[in-house]
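Asks: My questions all concern the structure below.
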Amino acid sequence: MSNDKVIEVEGLTKMFGDFTAVNAITFDVEKGEIFGFLGANGAGKTTAMKMLIGISKPTSGTAKVAGFDVFTNADDIKKNIGYMSQKFALYDDLTVKENITFFGGIYGLSRKRIKEKSNALIEELGLEEIASKLVGSLPLGWKQKIAFSVALLHDPKIVFLDEPTGGVDPITRRQFWEMIYKAANQGTTVFVTTHYMDEAEYCDRVSIMVNGIIEALDTPKKLKEQFNAVTMNDVFLKLARG
Amino acid sequence: MSITVVNISKSYKNVKALESISFDVKEGEIFGLIGPDGAGKTTLFRVLTTLLIASEGTATVAGYDVVNDYKSIRNSAGYMPGKFSLYQDLTVEENLNFFATIFGTTIEENYDLIKDIYVQIAPFKDRRAGKLSGGMKQKLALCCALIHKPKVLFLDEPTTGVDPVSRKEFWEMLKRLQKKGITILVSTPYMDEAELCDRIALIQDGKILEIDTPKAIVKHYPKPIYNIRANNMYQLLNSLNGYEHNHSVYPFGEFVHYTDKRLDFNPKDLVQYLESQNLLDITVSITEPTIEDTFMELAK
Numbered sequence: 001m002s003n004d005k006v007i008e009v010e011g012l013t014k015m016f017g018d019f020t021a022v023n024a025i026t027f028d029v030e031k032g033e034i035f036g037f038l039g040a041n042g043a044g045k046t047t048a049m050k051m052l053i054g055i056s057k058p059t060s061g062t063a064k065v066a067g068f069d070v071f072t073n074a075d076d077i078k079k080n081i082g083y084m085s086q087k088f089a090l091y092d093d094l095t096v097k098e099n100i101t102f103f104g105g106i107y108g109l110s111r112k113r114i115k116e117k118s119n120a121l122i123e124e125l126g127l128e129e130i131a132s133k134l135v136g137s138l139p140l141g142w143k144q145k146i147a148f149s150v151a152l153l154h155d156p157k158i159v160f161l162d163e164p165t166g167g168v169d170p171i172t173r174r175q176f177w178e179m180i181y182k183a184a185n186q187g188t189t190v191f192v193t194t195h196y197m198d199e200a201e202y203c204d205r206v207s208i209m210v211n212g213i214i215e216a217l218d219t220p221k222k223l224k225e226q227f228n229a230v231t232m233n234d235v236f237l238k239l240a241r242g
Numbered sequence: 243m244s245i246t247v248v249n250i251s252k253s254y255k256n257v258k259a260l261e262s263i264s265f266d267v268k269e270g271e272i273f274g275l276i277g278p279d280g281a282g283k284t285t286l287f288r289v290l291t292t293l294l295i296a297s298e299g300t301a302t303v304a305g306y307d308v309v310n311d312y313k314s315i316r317n318s319a320g321y322m323p324g325k326f327s328l329y330q331d332l333t334v335e336e337n338l339n340f341f342a343t344i345f346g347t348t349i350e351e352n353y354d355l356i357k358d359i360y361v362q363i364a365p366f367k368d369r370r371a372g373k374l375s376g377g378m379k380q381k382l383a384l385c386c387a388l389i390h391k392p393k394v395l396f397l398d399e400p401t402t403g404v405d406p407v408s409r410k411e412f413w414e415m416l417k418r419l420q421k422k423g424i425t426i427l428v429s430t431p432y433m434d435e436a437e438l439c440d441r442i443a444l445i446q447d448g449k450i451l452e453i454d455t456p457k458a459i460v461k462h463y464p465k466p467i468y469n470i471r472a473n474n475m476y477q478l479l480n481s482l483n484g485y486e487h488n489h490s491v492y493p494f495g496e497f498v499h500y501t502d503k504r505l506d507f508n509p510k511d512l513v514q515y516l517e518s519q520n521l522l523d524i525t526v527s528i529t530e531p532t533i534e535d536t537f538m539e540l541a542k
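Chains C and U, in that order, give the protein sequences.
Everything in the first sequence is counted per this note's numbering, starting at 1 for the first residue and increasing by one.
Everything in the second sequence is counted per this note's numbering, starting at 243 for the first residue and increasing by one.
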């Protein structure tokens, strides 16, 4: 199994002055796994994620993402991962098609490949009628589904999703998760944060961060057993309340 | 009645943001507007807080008309917008002082009302609002919305993007405010928060789908719902979506919530079908509908 690890983190730490935002976290994520990265606001999730995607240098520890070292090969990491945040997803004043073409270009795909990918994506998501509309005019749920597909354009080994479903309606939220399952089934590793505890149940394994430390890490089933809880929400409340 | 809304509509060019919305909120009630992003919740808040004039219909807040008596409403209503709208470069204390002053009051005069919340941010009273964490900003915004002792409190998605622990604490604060006699209209995309309201309106695409108590709303669910589990969630979803008799298939935590089109549905048939799809460890059991189930059924 060790060859299938796409994220390997050991003792990863980030300090801002004398404040330890991320405190020696250690974990692995396997190929094709859906890994839920949970924690309260301010627990250090975003800081940890920034280190993993190569945009923030750790203070100490080691981490390899898609086989590349976060200290020495941050640029290679960026080429091999997809990233989608809740806040910045796509350009509102470009059309759906223009966004796909733009991000395809950024990822260095050939024109032919962009065209193929673009057509496949439009067909798969049933976007024919809105492909020429400005992204800004679309409902949030659609934007997020398109943003996810765009994050997968360059066939990354891992895709990082930072609260992808916040505020999205319940039906679209579920369609989004079906897309996540599909990507994982095709071998893409999915690293996802969420505040919806029912979504934590959809993950293969879940880690819960409290004050910069990973306090728990296991399958949802085992976590519920360990904390004698009925739902992941109960697990979360027990842990994060300390 | 603390809030009355009668046939309110609002259109922007060719988009109908609100379509003939009507409901009442009783004095001292916590009333929830439950719906996703883009449902029209914010537009409705802006109409009721006199920041936007509706295209059609009438509404009153604390007995005042939202158009004719807008100045009286501003003194009787507290509003916490979805987007953080305090002054980022003023400190916690300065922001609170500022809002108290423009409403002609002082922090001391109404301190009783905000005390529970303010003590949690008091250690940071000299910090600029822009430098606060999300949870702290939310608490400060609530204090500022309460400092003039409003009769009605409008909270537009106060918990979006907030973790489950802070969400729980926030709702405990709302319950305490309710005990002090404040009427609360609150919107949220989290269906589990609906259960904490006295009454709710489910809203989507500018229309109200249903209004009732959370308990009554789930009772209206038209079909038996089954919890289904198997060894592989993705395969299970694909198989259920491909089953010709399915009425709805929605992942729900560790289960899939399933309803069948047939009136004489026998779960054994479904188990057999799933076995034929090579799924293992299949369990099918009847379960209670939730507000989220009801919402999805109505929004379908």
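Backbone N, C-alpha and C fix where the C-beta goes; we use that ideal spot for every residue, glycine too.
#1: Measure the alpha-carbon distance for S2(C) versus A131(C) and round it to whole angstroms.
#2: Excluding five sequence neighbours on each side, which residues of the same chain lie with their C-beta closer than 8 Å to the C-beta of T529(U)?
#3: For a contact defined as C-beta to C-beta under 8 Å, what are the partners of K410(U) on chain C?
#4: Have a look at L585(U) and I146(C) and give me their C-alpha separation to the nearest angstrom.
#5: Nearest chain U C-beta to G36(C) closer than 8 Å, yes or no?
#6: Below 8 Å, can you find three or more Cβ-Cβ pairs linking the region 119 to 128 of chain C to the region 65 to 81 of chain C?
#7: Name the residues in the region 19 to 50 of chain C whose C-beta lies less than 9 Å from a C-beta of chain U; which are they?
#8: Determine the burial state of I344(U): buried for a count of at least 16 other Cβ atoms within 10 Å of its Cβ, exposed for fewer.
#9: Where G105(C) and L153(C) are concerned, what is the direct C-alpha to C-alpha distance, given to the nearest angstrom?
#10: Please list, in chain order, all residues of the same chain as R504(U) whose beta carbon is under 8 Å from its beta carbon, the five residues on each side excluded.
#11: Just the C-alpha distance for K50(C) and A74(C), rounded to the nearest angstrom, thanks.
#12: Is the beta carbon of V6(C) closer than 8 Å to that of T13(C)?
#13: Taking a cut of 9 Å between CB atoms, which residues from the region 192 to 207 of chain C lie near chain U?
#14: Alpha carbon to alpha carbon, how far is K258(U) from N249(U)? Give it in angstroms, no decimals.
#15: Using a 10 Å radius around the Cβ and a threshold of 16 neighbouring Cβ atoms, would you call H462(U) buried or exposed?
#16: Mind checking whether S327(U) and G377(U) have CB atoms under 8 Å apart?
#17: If you measure beta-carbon to beta-carbon, which residues of the region 367 to 381 of chain U are closer than 8 Å to chain C?
#18: Between the region 270 to 289 of chain U and chain C, which residues of the former have a C-beta closer than 7 Å to a C-beta of the latter?
#19: Which residue from S297(U), S264(U) and M243(U) puts its Cα closest to that of K255(U)?
#20: First and last residue of the alpha helix (DSSP H) that includes G105(C)?
#21: So what does DSSP say about A40(C), is it helix, strand or coil?
#22: What does G82(C) pair with, by DSSP beta-bridge criteria?
#23: Identify which residue in Y91(C), N41(C) and I171(C) has its Cα closest to the Cα of L540(U).
#24: Given a cut-off of 8 Å on the beta-carbon distance, is the pair I214(C) and I25(C) in contact?
#25: Quick one: does G495(U) have its CB under 8 Å from some CB of chain C?
#26: Which residues does DSSP list as the beta-bridge partners of K64(C)?
#27: Report yes or no: do the region 394 to 401 of chain U and the region 356 to 369 of chain U share at least 3 C-beta pairs separated by less than 8 Å?
#28: Residues in its own chain within less than 8 Å of A301(U) by CB, not counting five upstream and five downstream?
#29: Is it right to say A240(C) is buried, meaning 16 or more other beta carbons lie within 10 angstroms of its own, or is it exposed?
#30: Look at the Cβ atom of Q380(U), then the Cβ atom of P400(U), and state whether they are nearer than 8 Å.
#31: Using only the alpha-carbon positions, how far apart do T532(U) and Q446(U) sit?
#32: Alpha carbon to alpha carbon, how far is D92(C) from P438(U)? Give it in angstroms, no decimals.
#33: So is S2(C) in contact with chain U if we call contact Cβ pairs under 8 Å?
#34: For a contact meaning CB atoms closer than 7 Å, what does F537(U) contact in chain A?
#35: So, at 6 Å on beta carbons, what are the nonlocal neighbours of E335(U) in its own chain, with the 5 sequence-adjacent residues on each side left out?
Replies: Taking the geometry as given:
#1: Because S2(C) sits at a pLDDT of 48, beneath the cut-off of 50, its placement in the model cannot be relied upon, and the point is left open.
#2: I467, Y468, N469, F497 and H499
#3: L237
#4: With chain U covering only 243 through 542, there is no way to say anything about residue 585(U).
#5: no
#6: no
#7: L38, G39, A40, N41, G42 and A43
#8: exposed
#9: 10 Å
#10: H487
#11: 11 Å
#12: no
#13: H195, Y196, M197, D198, E199, A200, E201 and Y202
#14: 13 Å
#15: exposed
#16: no
#17: S375, G376 and G377
#18: P278, D279 and G280
#19: S297(U)
#20: V96 to I106
#21: coil
#22: V159(C)
#23: I171(C)
#24: yes
#25: yes
#26: E8(C) and D69(C)
#27: no
#28: I245, T246, V247, V248, I250, V289, L290, D307 and V308
#29: buried
#30: yes
#31: 17 Å
#32: Residue identity differs from the one stated: residue 438(U) is Leu in this sequence, not Pro. Approximately 35 Å, taken between the alpha carbons.
#33: Residue placement at S2(C) is poorly supported in this model, since its pLDDT is 48, which falls under 50; the coordinates still yield a value, given next. No, its Cβ sits nowhere closer than 8 Å to a Cβ of chain U.
#34: Any reference to chain A falls outside this structure, whose protein chains are C and U.
#35: K367
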